[in-house]
Amino acid sequence: MERCLMFRTVFAAVVFIIMISDMDENDKSSIVRLFADDTRISRKIKSEEDKVLLQKVLNIIYDWASKNLVKFNENKFEQMSHGEAKNIKIEPYKTPSGNEIEFGETVRDLGVIANNNLLFREHIDDIVTSSKIVSGVLLNTFSTRQGETMLKMFNSYIKCKLEYCNLLWSPCHQNEINKLERIQKKNTSKIFGLD
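Using mature numbering (1 follows the signal peptide of the UniProt record, and there is no 0), the letters of the sequence shown correspond one by one to residues -23 to -1, 1 to 172.
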């Protein structure tokens, strides 16, 4: 990957796409997703055979990576399972170098944090905390309190955080909704000088 992406041109991206398209996809029931520097492998595990096939897909990806001089950072590997595992013993998968892939309770994927129950409480807490920090920085940095300027700053720096991928993580519990609304109400009162 370093070999192709170091050019920083559209051509380098095209070469990388061509390289990843030659990855062997023998097993169509495993889903392999590649985005920028993230790789996701998923498979529905119904039997012991499915576990073996998932390990095989991991080995295929490693073989492809070694042929194309791409290195994976094994320290960032994690596995997550969700749903019921009836009669199937869950054990860690291994990299071809023999390292076990740790289980993770949460995973961050493209900026959205999900846990193994596919709940997004950690994500909501993260964006609320981040929005509070950004709001405080904006209010302490800029002396202007003109409504139009404050509204543009809110839309540019805070609202985009609150709305990023909200169709995926949309809150369903009242306390999560209240956390998000509190941020918006606080900033609305600052924008229109109601406090």
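All C-beta atoms, glycine included, are put in the ideal place defined by N, C-alpha and C.
Considering only residues of the same chain and omitting the five flanking positions on each side of residue i, which have a CB-CB separation below 8 Å?
i, result
"S108", "I135, K138, L139 and I160"
"T(-15)", "Caution applies to T(-15), whose pLDDT of 42 falls short of 50 and renders its modelled position unreliable; the model cannot decide the point."
"C142", "L87, G88 and V89"
"L31", "S7, I18, R20, I22 and Y70"
"I154", "P148"
Mapping DSSP to helix, strand and coil, what is residue i?
i, result
"F80", "strand"
"T121", "coil"
"R20", "coil"
"K66", "coil"
"E51", "helix"
Over the uninterrupted beta strand (DSSP E) stretch that includes residue i, give me the two end residues.
i, result
"N92", "V89 to N92"
Which residues bound the alpha helix (DSSP H) around residue i?
i, result
"R159", "Q151 to I168"
"I37", "E25 to K44"
"K138", "C137 to E140"
"L96", "That residue, L96, is in no alpha helix (DSSP H); it is neither H nor E in DSSP."
"N143", "N143 to W146"
In chain order, what residues of the same chain have a beta carbon less than 6 Å from the beta carbon of residue i, not counting five sequence neighbours either side?
i, result
"residue 188", "Limits of the chain in this structure are -23 at one end and 172 at the other, which puts residue 188 out of reach."
"K48", "none"
"E77", "P69 and K71"
"M127", "I168"
Excluding sequence positions up to five away, which residues of its chain have a Cβ less than 7 Å from the Cβ of residue i?
i, result
"I104", "K138 and L139"
"F131", "N164 and I168"
"R(-21)", "With a pLDDT of 31 at R(-21), under the threshold of 50, the modelled position of this residue cannot be trusted; read the value that follows with caution. L46, listed in sequence order."
"N92", "E82, T83 and E99"
"E158", "none"
"I67", "S58"
Are the beta-carbon atoms of residue i and residue j separated by less than 8 Å?
i, j, result
"I37", "T16", "no"
"residue 210", "S7", "Outside the modelled stretch of the chain, which goes from -23 to 172, sits residue 210, for which no answer is possible."
"V9", "V29", "no"
"E55", "E79", "yes"
Exercise. Check whether the region 105 to 124 touches the region 65 to 75, taking contact to mean three or more Cβ pairs, one atom from each stretch, closer than 8 Å.
Key: With a cut-off of 8 Å, the region 65 to 75 and the region 105 to 124 do not count as touching, because too few Cβ pairs lie within range.
Quiz item: Counting Cβ pairs, one atom from each stretch, are 3 or more of them under 8 Å apart for the region 142 to 152 and the region 89 to 100?
Solution: Inter-segment contact for the region 142 to 152 and the region 89 to 100 is present: three or more beta-carbon pairs are separated by less than 8 Å.
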